[in-house]
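Worksheet: one structure, shown below.
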Ligand code: DSN
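Residue numbers (the working numbering): 18 to 431.
Next comes the structure, spelled out in structure tokens:
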């Protein structure tokens with residue numbers, strides 16, 4: 018390793034972070050442990066060049082191999098998800114979504130998405146985000162009694178406001194999306210339907226969540242969550258998308274470059290290509306299945322300990338706990354669990370009476386711990402630790418030692 022000689026300060030901090038990851042349970046549902054091959058590509062010489070433009074149509078010389086890498090990446094995404102066109106240049110999920118708006122709407126046009134406090138994403142039209150400041154945003158949500166998406170209310174809002182673009186996707190929704198229902202609602206007014214599958218991309222690739230491909234026009238995703246790649250983003254156009262608008266691929270490509278971005282991060286694109294290869298294997302299908310099984314077992318155990326779960330459980334990789342009956346805020350729970358070596362995040366719950374910075378819930382998930390090889394037995398143990406720590410903060414230190422012992426048996430991938 019050269020880094021310690023060049024910059025011992027940064028090398029030291031990276032070393033400490035590695036040790037933190039090795040000795041704690043990463044349970045933030047949007048995070049994962051990437052493979053060594055992915056990280057080798059990220060740290061490769063590909064970080065050195067500009068590549069503005071697209072393969073075969075660049076604004077810089079010397080890009081023979083960059084072109085090949087980007088084409089391989091696009092083709093792998095096309096094959097894995099079964100789509101017609103892919104752009105792999107978005108720097109991450111928010112820029113990908115921004116490009117969809119930029120390609121399809123004019124400022125002031127109406128867009129619709131699930132509201133952030135009900136589990137949606139900032140870029141789906143939440144009031145502090147560009148998506149609500151530059152466009153007229155209408156938000157749908159979940160029902161108060163069962164926390165499932167209120168499709169009827171949404172259909173009514175669609176009829177009333179006639180949005181040009183409708184988003185489906187979430188950061189804290191533990192259930193399956195009914196793509197068919199969304200497509201009927203969007204088609205009834207001729208709106209573009211976009212699926213943001215950032216959280217569930219790995220579950221879709223692993224065939225444990227229904228694919229939106231037959232139902233939506235556009236799909237955006239990050240590449241670093243359940244898909245287990247580097248930080249990055251992709252935009253995909255489906256057959257249905259091309260049938261609606263034959264120019265959609267060009268509109269999206271032009272929105273990314275030159276519309277919003279400059280030079281793509283080709284080291285990330287190479288790493289995305291590797292993660293897509295990994296996600297095409299049978300091993301990955303087993304992984305995705307185990308992510309869901311682990312989340313379900315964890316949810317069942319938490320219910321046994323008297324935790325209230327939003328929607329009563331989970332169908333995917335994440336769980337949202339309403340902590341109000343435990344007398345502990347989301348922030349306090351996040352802090353206690355961190356002290357115990359279990360990393361989760363405080364999160365608003367639907368209809369949360371508490372403010373967003375001190376919400377009533379925590380969000381946790383199984384993608385990263387499943388990448389370490391943990392299975393049902395470990396989920397039972399983790400639920401018991403969570404219960405101990407939320408019941409009494411004096412248990413944090415004891416649990417911390419036990420977590421360390423378990424982590425030794427499940428090293429990080431590679
Ligand atoms: N920040 C991501 C998450 O944690 O879900 C969403 O973009």
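Even glycine gets a Cβ: it sits at the ideal position worked out from N, Cα and C.
Exposed or buried, what is residue i when buried is set at 16 or more other beta-carbons lying within 10 Å of its beta-carbon?
i	result
residue 396	buried
residue 270	buried
residue 14	Since the displayed the chain opens at 18 and closes at 431, residue 14 lies outside it and no answer follows.
residue 249	buried
residue 14	The structure shown does not extend to residue 14, since the chain spans only 18 to 431, so no value can be given for it.
residue 176	exposed
residue 239	buried
residue 27	exposed
residue 200	buried
residue 405	buried
residue 152	buried
residue 433	The requested residue 433 is not part of the displayed model; the chain covers only 18 to 431.
residue 79	exposed
residue 267	exposed
residue 431	exposed
Looking at C-alpha atoms only, which residue of the options is the closest neighbour of residue i?
i	options	result
residue 365	341, 261, 126 and 44	341
residue 8	141, 147 and 379	Not covered by the structure: residue 8. The range shown for the chain is 18 to 431.
residue 425	38, 19 and 24	38
residue 102	264, 384 and 419	264
residue 335	29, 323, 310 and 343	310
residue 403	321, 431 and 372	321
residue 89	286, 275, 25 and 131	286
residue 333	109, 357 and 313	313
residue 71	351, 272 and 382	272
residue 293	20, 232, 95 and 124	95
residue 394	255, 66, 358 and 307	307
residue 382	33, 49 and 108	49
residue 181	225, 85, 227 and 123	123
residue 114	214, 202 and 35	214
residue 36	380, 358 and 409	358
residue 222	91, 348 and 99	99
residue 129	156, 108 and 104	156
residue 434	196, 337 and 276	This structure leaves residue 434 out entirely; the chain is present only between 18 and 431.
residue 126	209, 158 and 104	209
residue 440	367, 323 and 374	Only positions 18 to 431 of the chain appear in the structure, and residue 440 is not among them; the question remains open.
Given residue i, which residues of its chain have a CB within under 6 Å of its CB, disregarding the five upstream and five downstream residues?
i	result
residue 262	none
residue 138	188
residue 371	377
residue 83	68 and 283
residue 343	407
residue 211	117, 184 and 235
residue 61	284
residue 410	353
residue 136	187, 189 and 190
residue 63	283, 284 and 287
residue 160	167
Return the chain-ordered list of same chain residues with a C-beta closer than 8 Å to the C-beta of residue i, the five sequence neighbours on each side being excluded.
i	result
residue 369	134, 376, 377 and 378
residue 345	353 and 407
residue 31	20
Residues bridged to residue i by DSSP?
i	result
residue 3	There is simply no residue 3 to check, as the chain begins at 18 and stops at 431 in what is shown.
residue 363	379
residue 74	71
residue 37	Its beta-bridge partners do not exist; DSSP assigns none.
residue 393	For residue 393, which the question treats as bridged, DSSP gives no partner whatsoever.
residue 129	155 and 183
residue 339	325 and 378
residue 239	250
residue 87	Its beta-bridge partners do not exist; DSSP assigns none.
residue 42	359
Output the boundary residues of the beta strand (DSSP E) element that contains residue i.
i	result
residue 436	It is not possible to answer for residue 436, since the shown part of the chain is limited to 18 through 431.
residue 156	153 to 157
residue 258	Residue 258 -> not in any beta strand (DSSP E); alpha helix (DSSP H) instead, spanning 256 to 261.
On the DSSP letters alone, give me the boundaries of the alpha helix (DSSP H) that residue i sits inside.
i	result
residue 289	283 to 296
residue 168	168 to 178
residue 300	299 to 321
residue 200	196 to 204
residue 387	384 to 388
residue 13	Because the chain is modelled from 18 through 431, residue 13 falls outside the range shown and cannot be assessed.
residue 270	265 to 271
residue 148	147 to 150
residue 274	Residue 274 -> no alpha helix (DSSP H), and no H or E assigned at all.
residue 114	110 to 121
residue 107	No alpha helix (DSSP H) contains residue 107, which DSSP labels as neither H nor E.
What does a CB cutoff of less than 7 Å around residue i pick up in its chain, not counting 5 residues either side in sequence?
i	result
residue 54	291
residue 198	168
residue 356	413 and 417
residue 331	191, 312, 313 and 316
residue 109	239, 248, 249 and 250
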